[in-house]
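S.K.: In this text, residue positions in the sequence shown follow the numbering used here: the first is 899, and each later residue adds one. All C-beta atoms in this analysis are idealised placements derived from N, C-alpha and C, irrespective of residue type, glycine included.
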Amino acid sequence: MKITFTKLKQTNTWGLRAEQALTEGASVTVSKADGSTTTATVGRRVWDNGKVWLYETAGSSRSNGAARGGNRRPFRPCGYPGCNPAHCDECGGEGWAGANSW
């Protein structure tokens, strides 16, 4: 199975493109454009159509967009204990959307 990096429209970050479903938290070998390989950790599934699966890489999910130069709003915890951009049982790491969310 071939796994490659792909640009994710949802988060404006690099993620993983796979030809079959992957397990969140698994370490996988990723083929790079120059033919070399690297290891990445599978994050949250972003999209699939039954033939192609797109995933965030663990640690890249929904961090503050300003750090990447994006237009995303700054992360604000939702109030659930332990809420952070990488994981939250209540909001999924999205943080507080508030009245000014998009």
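Nearest CA to the CA of L920: which residue from C976, G941, G977?
M.R.: Checked all of C976, G941, G977; the closest Cα to L920 is G941.
S.K.: Within this structure, are the beta carbons of R915 and T902 separated by less than 8 Å?
M.R.: yes
S.K.: Measuring CB to CB, does T937 end up less than 8 Å from S929?
M.R.: With respect to S929, T937 sits apart: the two C-beta atoms are not nearer than 8 Å.
S.K.: From this set, E917, E922, D946, T904, which residue's C-alpha is nearest A931's C-alpha?
M.R.: The option with the nearest alpha carbon to A931 is T904.
S.K.: What does the alpha-carbon distance come out to for the pair R966 and W945?
M.R.: Residue placement at R966 cannot be trusted, given a pLDDT of 43 that sits under 50; what the coordinates show is reported in the next sentence. C-alpha separation (whole angstroms): 22 Å.
S.K.: Do T955 and G923 come within 8 Å of each other at the CB atom, strictly closer than that value?
M.R.: no
S.K.: Kindly list the residues whose CB is nearer than 7 Å to the CB of Q908, restricted to its own chain and excluding five residues on each side of it in sequence; keep chain order.
M.R.: Contacts found: V944.
S.K.: In terms of alpha-carbon separation, which member of G977, P979, K900 lies closest to Q918?
M.R.: K900
S.K.: Output the boundary residues of the beta strand (DSSP E) element that contains A938.
M.R.: 935-946
S.K.: Three-state secondary structure (DSSP) at K905?
M.R.: strand
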